[in-house]
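Please read the structure below before turning to the comments.
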Amino acid sequence: MPELPEVEVLVRQLDPCLRDRRVQSVAVRRAKIVRPYSEAELQAALVGRIFQSVTRRGKCLRFQFRESPGVPPLTVLGHLGMTGRIYLQSFQVPLPKHVGVAVDLDSARLIFEDTRQFGRFCLGELSQVSVGPEPLGTEFTPAVLQEAMSGSRQPVKVRLMDQSVIAGIGNIYASEALFRARISPRTRCCDLTSESFQRLWQSIREVLNEAIQRGSSIPFNGPEDRERLFHYGRNARATATNVSLAFQVYDREHLPCVNCGRAVERMVQAGRSTFFCTGCQPGASGNGIQKPGETAC
DNA sequence: CACCATGTTCCTTG
DNA sequence: CCAAGGAACATGGT
Numbered sequence: 001m002p003e004l005p006e007v008e009v010l011v012r013q014l015d016p017c018l019r020d021r022r023v024q025s026v027a028v029r030r031a032k033i034v035r036p037y038s039e040a041e042l043q044a045a046l047v048g049r050i051f052q053s054v055t056r057r058g059k060c061l062r063f064q065f066r067e068s069p070g071v072p073p074l075t076v077l078g079h080l081g082m083t084g085r086i087y088l089q090s091f092q093v094p095l096p097k098h099v100g101v102a103v104d105l106d107s108a109r110l111i112f113e114d115t116r117q118f119g120r121f122c123l124g125e126l127s128q129v130s131v132g133p134e135p136l137g138t139e140f141t142p143a144v145l146q147e148a149m150s151g152s153r154q155p156v157k158v159r160l161m162d163q164s165v166i167a168g169i170g171n172i173y174a175s176e177a178l179f180r181a182r183i184s185p186r187t188r189c190c191d192l193t194s195e196s197f198q199r200l201w202q203s204i205r206e207v208l209n210e211a212i213q214r215g216s217s218i219p220f221n222g223p224e225d226r227e228r229l230f231h232y233g234r235n236a237r238a239t240a241t242n243v244s245l246a247f248q249v250y251d252r253e254h255l256p257c258v259n260c261g262r263a264v265e266r267m268v269q270a271g272r273s274t275f276f277c278t279g280c281q282p283g284a285s286g287n288g289i290q291k292p293g294e295t296a297c
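Pasting the structure below:
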């Protein structure tokens with residue numbers, strides 16, 4: 001999935017397609033995806049309603065439905081988990097294997113597909129108690145980042161993935177942002193300097209924005225285009241537009257660092273793979289602070 | 001068979 | 001309270 005950039009690209013794609021479209025029928029093929037609601041509840045809430053907008057908050061999608069006299073506002077929350085996808089298909093195309101929910105509109109069918117079924121498509125607001133600031137929003141500043149992180153002794157990479165600290169950063173872009181900021185993923189948050197937070201802040205925004213730019217440049221028509229956008233890691237296919245080819249360290253263990261040529265390394269933090277370059281991200285076992293004037297590579 | 005995978009939540013242990 | 005580690009969820013690719 002779908003970390004922030006992929007969800008953002010998806011939302012931009014979906015919003016104009018769904019706006020003002022009316023829900024004809026809803027079919028739930030995997031009950032887990034809509035829990036704690038039932039298929040009947042989803043049908044009762046959605047059939048006849050008209051889409052107003054699709055927006056993003058962190059990694060979540062929000063489908064808002066039009067409000068009218070006597071018809072209260074309604075929001076459907078979508079979360080893609082690890083392998084979730086959302087797309088429109090014609091009625092003629094048979095339903096793929098792992099469809100969780102199919103929402104029939106007047107002229108097309110909205111499919112929520114999720115192989116591993118970690119995703120969600122259900123009524124109501126975010127289940128998460130607290131979601132941190134949007135990293136691309138104006139309220140996100142170096143000071144906000146520092147304030148949110150500096151009190152923690154956690155490794156910075158682990159903390160970056162905490163959705164209550166910052167919304168939308170996952171395993172891929174955590175590694176990418178730290179590489180760009182030249183900070184070791186092992187650095188404890190409380191050991192980062194203001195200068196490091198400044199670099200990290202900038203790197204987060206660059207890495208996310210560039211990924212959105214790449215994703216937005218991908219034509220989004222058939223299933224192959226969806227694969228280029230959502231298929232990562234060792235499953236990724238080496239197509240000219242595959243976004244994963246643009247990663248600088250993620251899933252590049254043993255490959256030469258794009259900066260210094262040293263082999264990219266992999267380690268496990270909080271149960272997840274972290275990719276980094278010991279040459280460019282000094283202090284892998286220290287504090288990650290660079291002396292002034294010192295070049296990492 | 002083993003290991004890995006874009007995420008979240010829950011549980012246990014220190 | 002915090003942090004870390006593991007397991008669970010369910011399926012597929014290598």
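Residues 1 to 297 (our numbering) are what the first sequence spells out, left to right. Ideal Cβ positions, reconstructed from N, Cα and C, are used throughout, including at glycine.
Helix, strand or coil: which one does DSSP assign to A102? Taking the first sequence and counting its residues from 1, the one referred to as residue 102 is at position 102. For A102, the three-state secondary structure derived from DSSP is strand.
If you run the structure through DSSP and keep just helix, strand and coil, what is F112? Within the first sequence, the letter at position 112 stands for residue 112. Three-state result, F112: strand.
Helix or strand or just coil, what does DSSP make of G78? Here residue 78 corresponds to residue number 78 of the first sequence, with the count starting at 1. Residue state, collapsed to three classes: strand.
Own chain residues within Cβ distance below 7 Å of P16, not counting five before or after: On the first sequence, residue 16 is found 16 positions in, with the first residue counted as 1. Apart from the 5 residues on each side of it in sequence, P16 has no Cβ closer than 7 Å to any other Cβ in its chain.
Using the DSSP secondary-structure output, state which residues sit across from C17 in a beta bridge. Taking the first sequence and counting its residues from 1, the one referred to as residue 17 is at position 17. DSSP lists no partner for C17.
To which residues of the same chain is F112 closer than 6 Å at the C-beta, ignoring the five residues directly before and after it? Taking the first residue of the first sequence as position 1, residue 112 is located at position 112. I86, G100, V101 and F121.
Does the distance from the C-beta atom of R262 to that of F275 stay below 7 Å? Taking the first sequence and counting its residues from 1, the one referred to as residue 262 is at position 262. Taking the first sequence and counting its residues from 1, the one referred to as residue 275 is at position 275. No.
Near R205, which residues of its chain fall below 7 Å by C-beta distance, leaving aside the five closest residues on each side in sequence? If you number the first sequence from 1, residue 205 lands on position 205. Counting only Cβ-Cβ distances below 7 Å, and skipping sequence neighbours, we find P135 and L136.
For T83 and T115, the rounded distance between their alpha carbons: In the first sequence, counting from the first residue as 1, residue 115 sits at position 115. In the first sequence, counting from the first residue as 1, residue 83 sits at position 83. Take the alpha-carbon of T115 and the one of T83: they are about 6 Å apart.
Proximity below 7 Å, CB of L160 to CB of I169: What you label residue 160 is simply residue 160 of the first sequence in a count that begins at 1. What you label residue 169 is simply residue 169 of the first sequence in a count that begins at 1. A contact, by the Cβ cut-off of 7 Å.
Buried or exposed for C280, please, with buried defined as at least 16 other CB atoms from any protein chain shown within 10 angstroms of its CB. As a position in the first sequence, residue 280 is number 280, starting the count at 1. Under this definition C280 is a buried residue.
For L88, the three-state DSSP class (helix, strand or coil): Here the question's residue 88 lines up with position 88 in the first sequence. L88 falls in the strand class under three-state DSSP.
Could you compute how far the alpha carbon of H79 sits from the alpha carbon of F65? Your numbering for residue 79 matches position 79 in the first sequence. Your numbering for residue 65 matches position 65 in the first sequence. In a straight line, the C-alpha of H79 is about 17 Å away from that of F65.
Rounding to the nearest angstrom, what Cα-Cα distance links V103 and V23 in this structure? For the purposes of this step, residue 103 is identified with residue 103 of the first sequence, where counting begins at 1. For the purposes of this step, residue 23 is identified with residue 23 of the first sequence, where counting begins at 1. Cα to Cα, V103 sits roughly 7 Å from V23.
Considering only residues of the same chain and omitting the five flanking positions on each side of V26, which have a CB-CB separation below 8 Å? As a position in the first sequence, residue 26 is number 26, starting the count at 1. Excluding positions up to five away in sequence, the list reads E39, L42, Q43, L46, V47, V101, A102, V103 and D104.
For F179, which three-state DSSP category applies? The residue you call residue 179 lines up with position 179 of the first sequence. Helix at F179.
According to DSSP, simplified to helix, strand and coil, what is A238? Position 238 of the first sequence holds residue 238. Low confidence applies to A238: its pLDDT is 46, below 50, so where it sits in the model is not reliable, and the reading given next is rough at best. Three-state result, A238: coil.
Rounding to the nearest angstrom, what Cα-Cα distance links L145 and E67 in this structure? Start at 1 with the first residue of the first sequence, and residue 145 comes out as number 145. Start at 1 with the first residue of the first sequence, and residue 67 comes out as number 67. Spanning the two alpha carbons is a distance of roughly 36 Å.
Give me, in chain order, the residues of the same chain whose beta-carbon lies closer than 6 Å to that of A177; leave out the 5 immediate sequence neighbours on both sides. Counting from one through the first sequence, the residue named residue 177 turns up at place 177. Setting aside the 5 residues that flank it on each side, A177 is surrounded in the same chain by S203, I204 and V207, each with a C-beta closer than 6 Å to its C-beta; the list follows chain order.
Does the Cβ of V158 have 16 or more other Cβ atoms within 10 Å, making it buried, or fewer, making it exposed? For this step, residue 158 is matched to residue 158 along the first sequence. Buried: at least 16 other Cβ atoms inside 10 Å.
Please state whether the Cβ-Cβ distance between S184 and G283 is less than 7 Å. Walking along the first sequence from the start, residue 184 turns up at place 184. Walking along the first sequence from the start, residue 283 turns up at place 283. In this structure, G283 lies closer than 7 Å to S184 by Cβ.
Nearest to S130 by alpha carbon, out of P94, G58, F197 and T141? Counting from 1 along the first sequence, the entry for residue 130 is found at position 130. Per the Cα distances, G58.
Which residues in the same chain as V264 place their Cβ atom closer than 8 Å to its Cβ, once the five residues preceding and following it in sequence are excluded? Your numbering for residue 264 matches position 264 in the first sequence. Once the five neighbours on either side are set aside, the close Cβ partners of V264 are V249, R252, E253, H254, L255, P256, C257, F275, F276 and C277.
DSSP on R120, reduced to helix/strand/coil? Looking up residue 120 in the first sequence gives position 120. Correct three-state label for R120: strand.
If I'm right that E3 touches G215 with Cβ under 8 Å, what's the distance once you round it to whole angstroms? Residue 3 sits at position 3 when you count from the first residue of the first sequence. Residue 215 sits at position 215 when you count from the first residue of the first sequence. Going by Cβ atoms, the distance from E3 to G215 rounds to 11 Å, so no, they are not a contact pair.
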